[in-house]
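Residue numbers (my numbering): 31 to 410.
Think of the CB as a built atom: it goes at the ideal place given N, C-alpha and C, for glycine as much as any other residue.
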Amino acid sequence: MKDKCLSLSILAVSSCFGGWLAVSCSDRFVTQIQAQSSTNLNAPVQIETEIVGDRFEKIARRILPAVVSIEARKTSQKPDGSKRTFQESGSGVIVQWEGRPGYYVLTNNHVVAGAEPHKVVIQLADGRVFQPEKILGDSASDVAIMLLATEQRLPTARLGDSDRMQVGQWVLAMGSPFGLNQTVTHGIISAKDRGEVSLGSRIRIKEFIQTDAAINPGSSGGPLINLNGEVIGINTAIASDSEHSSGVAFSIPSNLFKRMVVELLDKGYVARGYLGIQLGGSVDAVDAVKLGLEKGWGAFVEMVHPQSPAAVAGIRPGDVILEVDNIPIRNENQFINIVAGTPPGKSVVLVIWREKKRLAITSKIGDWQQFETRQSNSKD
Numbered sequence: 031m032k033d034k035c036l037s038l039s040i041l042a043v044s045s046c047f048g049g050w051l052a053v054s055c056s057d058r059f060v061t062q063i064q065a066q067s068s069t070n071l072n073a074p075v076q077i078e079t080e081i082v083g084d085r086f087e088k089i090a091r092r093i094l095p096a097v098v099s100i101e102a103r104k105t106s107q108k109p110d111g112s113k114r115t116f117q118e119s120g121s122g123v124i125v126q127w128e129g130r131p132g133y134y135v136l137t138n139n140h141v142v143a144g145a146e147p148h149k150v151v152i153q154l155a156d157g158r159v160f161q162p163e164k165i166l167g168d169s170a171s172d173v174a175i176m177l178l179a180t181e182q183r184l185p186t187a188r189l190g191d192s193d194r195m196q197v198g199q200w201v202l203a204m205g206s207p208f209g210l211n212q213t214v215t216h217g218i219i220s221a222k223d224r225g226e227v228s229l230g231s232r233i234r235i236k237e238f239i240q241t242d243a244a245i246n247p248g249s250s251g252g253p254l255i256n257l258n259g260e261v262i263g264i265n266t267a268i269a270s271d272s273e274h275s276s277g278v279a280f281s282i283p284s285n286l287f288k289r290m291v292v293e294l295l296d297k298g299y300v301a302r303g304y305l306g307i308q309l310g311g312s313v314d315a316v317d318a319v320k321l322g323l324e325k326g327w328g329a330f331v332e333m334v335h336p337q338s339p340a341a342v343a344g345i346r347p348g349d350v351i352l353e354v355d356n357i358p359i360r361n362e363n364q365f366i367n368i369v370a371g372t373p374p375g376k377s378v379v380l381v382i383w384r385e386k387k388r389l390a391i392t393s394k395i396g397d398w399q400q401f402e403t404r405q406s407n408s409k410d
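Laid out in structure tokens, this is it:
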């Protein structure tokens, strides 16, 4: 029930461009590794460093043209009521979206949030400069996409399947940390489904890819790339006391990005489900022993909002959520992601732990926007 969140630094930086990227390669090296691992699981994998270096070089040469630097001019209000104007810089990557004409730039919402399209400048590696026609963003997931209205031909990167990435696989990253354009770094996927991180109250949807590829301020919004030359993550934050790379960085998985972008393009916003539960943390090993659970999995229910779907369904403070529609709940962040990703109006079966017994409860999923509107009106 303790707050086990890890505080992170988001990677936008003021007054300098930050870019990120990485790229395409042939399948020969990847095939070599897969062949070795499939024939003998106990045999050591032979890595030919010359081949690896050659692939990295080809990747950088292929995708660097699609890296963009983003500079957004914003205005904020000071405590004394006066306003200040400042520039926030980050990175992005150009893609094309299936079934839609034109070009799109993927980035983090915190890089462009609050800026009008005519106050955002996007610069390509070849020096060309554009301003977006439209900016769509979702603060809860830190996802943003910008439409470029141009008839010019632009370089693009390809989105990959982040669910297929495994811990230990190599990734490349490119960008402009501290304004150093066209910087290339590499590393591995250190972990997946990292949600125990704190990025402020607005960013609620977190299932980060963790990597040790060097990421620094100025890299927000740039892609993390696999050895097939596909974007499998959008770099967002680092865990560091100094706000510089310490080998622990986090990227939004490409599949999460895709889900958010589809809704943004179709509706202009992300429809998100809610139950009306305030959580009290995740179950750990010590909690599991006290509660009589076999695993240190689950999410504590700390409070249930009156007249919410959870309250109507009979969920109580002190319950532990163990499953949602047969999906085991590892921690509270996974539970939040599942509920938020469920369409409003759908009914789900929750398995909870109450008084050392499993109990199945059916609850309808509510609409998060309606809930926020009611909360806001009640404060007026």
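Practice item. Could you check the C-alpha separation between Ile245 and Ile268 for me, to the nearest Å? Key: The sequence position of residue 245 within the sequence shown is 215, counting from 1. The sequence position of residue 268 within the sequence shown is 238, counting from 1. If I take the Cα positions, the gap works out to 7 Å.
Point to revise | Segment contact, 8 Å Cβ cut-off, at least three pairs: the stretch 205–221 with the stretch 231–241 | key: Result yes; three or more Cβ-Cβ pairs closer than 8 Å.
Point to revise | Selected residue, minimal CA-CA separation from Asn356, among Gly306, Ala203, Phe208 and Val381 | key: Counting from one through the sequence shown, the residue named residue 356 turns up at place 326. Nearest C-alpha to Asn356: Val381.
Review point. Excluding sequence positions up to five away, which residues of its chain have a Cβ less than 6 Å from the Cβ of Asp397?
Key: Here residue 397 refers to the residue found at position 367 of the sequence shown. Cβ neighbours of Asp397 within its own chain (closer than 6 Å, five residues either side excluded): Pro374.
Point to revise | Spatial distance of Ile165 from Ile255 (CA atoms) | key: Stepping through the sequence shown from its first residue, residue 165 is reached at position 135. Stepping through the sequence shown from its first residue, residue 255 is reached at position 225. Those two C-alpha atoms are separated by around 24 Å.
**Study point:** Three-way DSSP call (helix, strand, coil) for Leu286 in this model
**Key:** As a first step, residue 286 must be located in the sequence shown, where it is residue number 256. Residue state, collapsed to three classes: helix.
Exercise for review: Sort Leu321, Val292 and Val261 by Cα distance to Trp200 and report the nearest one.
Suggested key: As a first step, residue 200 is located in the sequence shown; it is residue number 170 there, counting from the start. Measuring from the Cα of Trp200, the nearest candidate turns out to be Val261.
Review point. According to the neighbour-count rule (16 or more other Cβ atoms, all chains shown, within 10 Å of its Cβ), is Val319 buried or exposed?
Key: Reading the sequence shown from its first residue, position 289 is the one you call residue 319. With fewer than 16 other Cβ atoms from the protein chains shown falling within 10 Å of its own Cβ, Val319 counts as exposed.
Check your understanding: When the Cα atoms are used, what is the spatial distance from Leu323 to Lys386?
Key -> Numbered from its first residue, the sequence shown carries residue 323 at position 293. Numbered from its first residue, the sequence shown carries residue 386 at position 356. Using only the alpha carbons, I get a separation of about 8 Å.
**Study point:** Identity of the residues DSSP links to Gln399 by a beta bridge
**Key:** Locating residue 399 in the sequence shown gives position 369, where the first residue counts as 1. Residue pairing by DSSP places Gln399 opposite no residue, since no beta bridge is assigned to it.
Practice item. Only counting runs of 4 or more residues, tell me where the alpha helix (DSSP H) segments fall wholly within the stretch 102–167, in order along the chain. Key: Listed in chain order, the alpha helix (DSSP H) runs fully inside the stretch 102–167 are 139–142, counting runs of at least 4 residues.
**Study point:** Option nearest Val97 by Cα separation, candidates Gly344, Val214, Gly298 and His140
**Key:** Sequence index remark: in the sequence shown, residue 97 carries index 67 (1-based). For the set Gly344, Val214, Gly298 and His140, the Cα lying nearest the Cα of Val97 is the one of Val214.
Check your understanding: Smallest Cα separation from Arg388: which of Gly298, Asn361, Thr266 and Val354?
Key -> Position 358 of the sequence shown holds residue 388. Selected option, being the one with the closest Cα: Val354.
Check your understanding: Relative to the C-alpha of Ile351, which residue among Gln337, Gly311, Ala315 and Ser377 is closest?
Key -> Here residue 351 is taken as the residue at index 321 of the sequence shown, counted from 1. The candidate whose alpha carbon is nearest that of Ile351 is Gly311.
Practice item. Go through the stretch 333–382 residue by residue and report every complete run of the beta strand (DSSP E) that reaches 3 residues or more, in order. Key: Counting whole runs of 3 or more residues, the stretch 333–382 contains the beta strand (DSSP E) stretches 350–354.
Check your understanding: With 16 other CB atoms within 10 Å as the buried threshold, where does Thr266 fall?
Key -> Counting from 1 along the sequence shown, the entry for residue 266 is found at position 236. Flag for Thr266 reads buried.
Check your understanding: From Asp110 to Ile395, what does the alpha carbon distance come to, in whole angstroms?
Key -> Taking the sequence shown and counting its residues from 1, the one referred to as residue 110 is at position 80. Taking the sequence shown and counting its residues from 1, the one referred to as residue 395 is at position 365. Near 42 Å, if we compare the C-alpha coordinates of Ile395 and Asp110.
**Study point:** Closest Cα partner of Glu128 within the set Ala329, Asp296 and Asp193
**Key:** Here residue 128 is taken as the residue at index 98 of the sequence shown, counted from 1. Looking only at Ala329, Asp296 and Asp193, the smallest Cα-Cα distance to Glu128 is reached by Asp296.
**Study point:** Bridge-paired residues (DSSP) for Pro253
**Key:** Residue 253 sits at position 223 when you count from the first residue of the sequence shown. Pro253 pairs with Ile264.
Review point. In this structure, what does DSSP give as the bridge partners for Ala203?
Key: Sequence index remark: in the sequence shown, residue 203 carries index 173 (1-based). Secondary-structure assignment with DSSP links Ala203 through a beta bridge to Thr215 and Leu254.
**Study point:** Contact check, Ile282 vs Val173, beta carbons under 8 Å
**Key:** Here the question's residue 282 lines up with position 252 in the sequence shown. Here the question's residue 173 lines up with position 143 in the sequence shown. Yes, Cβ-Cβ distance for Ile282 and Val173 is below 8 Å.
Practice item. State the Cα-Cα distance for the pair Arg183 and Phe280, rounded to the nearest angstrom. Key: Taking the first residue of the sequence shown as position 1, residue 183 is located at position 153. Taking the first residue of the sequence shown as position 1, residue 280 is located at position 250. Separation of Arg183 and Phe280 (C-alpha to C-alpha, rounded to the nearest whole angstrom) is 31 Å.
Review point. Are the beta-carbon atoms belonging to Asn138 and Ile235 less than 8 Å from one another?
Key: Working through the sequence shown from its first residue, we reach residue 138 at position 108. Working through the sequence shown from its first residue, we reach residue 235 at position 205. No; because the gap between Cβ atoms is not below 8 Å, this pair is not in contact.
Exercise for review: Could you pull the start and end residues of the beta strand (DSSP E) that Leu321 belongs to?
Suggested key: Indexing the sequence shown from 1 puts residue 321 at position 291. According to the DSSP assignment, Leu321 belongs to no beta strand (DSSP E) but to the alpha helix (DSSP H) extending over Ala315 to Leu321.
Exercise for review: Enumerate in chain order the residues of its own chain whose CB-to-CB distance from Val53 is below 8 Å, with the five nearest sequence positions on each side excluded.
Suggested key: The count along the sequence shown starts at 1 and reaches residue 53 at position 23. Because the pLDDT of Val53 is 33, which lies under 50, any placement of that residue in the model is unreliable, and the number read from its coordinates should be weighed accordingly. Scanning its chain for C-beta atoms nearer than 8 Å, with the 5 sequence neighbours on each side dropped, one finds around Val53 the residues Lys88, Ile89, Ala90, Arg91, Arg92, Ile93, Leu94, Ala187, Leu202, Met204, Ile255 and Gly259, in chain order.
Review point. Secondary structure at Gly190, three-state DSSP: helix, strand or coil?
Key: Numbered from its first residue, the sequence shown carries residue 190 at position 160. The answer is coil: DSSP assigns Gly190 none of H, G, I, E or B.
Check your understanding: Among residues of its own chain, excluding the 5 on either side of Arg103, which ones have a beta-carbon nearer than 7 Å to its beta-carbon?
Key -> Within the sequence shown, the letter at position 73 stands for residue 103. Correct list, in chain order: Thr115, Gln117, Ala145 and Lys149.
Review point. Buried or exposed: which applies to Pro131, given that a residue is buried once 16 or more other Cβ atoms fall within 10 Å of its Cβ?
Key: Position 101 of the sequence shown, counting from 1, holds the residue named residue 131. Flag for Pro131 reads exposed.
Point to revise | Start and end residues, beta strand (DSSP E) containing Thr392 | key: Indexing the sequence shown from 1 puts residue 392 at position 362. Here the beta strand (DSSP E) through Thr392 covers Lys387 to Lys394.
Exercise for review: Could you check the C-alpha separation between Gly120 and Lys113 for me, to the nearest Å?
Suggested key: Position 90 of the sequence shown, counting from 1, holds the residue named residue 120. Position 83 of the sequence shown, counting from 1, holds the residue named residue 113. Approximately 22 Å between the Cα atoms of the pair.
Practice item. Name, in chain order, the residues that DSSP records as bridge partners for Met176. Key: By one-based count along the sequence shown, residue 176 stands at place 146. DSSP output for Met176 lists Val135 and Ile165 as bridge partner(s).
Review point. Which residue or residues does DSSP assign as beta-bridge partners of Arg384?
Key: Mapped onto the sequence shown, residue 384 falls at position 354. DSSP, once it has assigned bridges, lists Lys387 as partnering Arg384.
Check your understanding: Which of the three DSSP states, helix, strand or coil, is assigned to Ile93?
Key -> Against the sequence shown, residue 93 aligns to sequence position 63. DSSP places Ile93 in helix when its eight states are reduced to three.
Review point. Looking only at its own chain, which residues have a Cβ that is under 6 Å from the Cβ of Gln107, when we skip the five neighbours before and after it?
Key: For the purposes of this step, residue 107 is taken as residue 77 along the sequence shown, with counting starting at 1. Take Gln107, set aside five residues on each side of it, and the residues of its chain with a beta-carbon closer than 6 Å to its own are Lys113, in chain order.
Practice item. Tell me whether Val291 sits in a helix, a strand or coil according to DSSP, three-state version. Key: The residue given as residue 291 occupies position 261 in the sequence shown. DSSP places Val291 in helix when its eight states are reduced to three.
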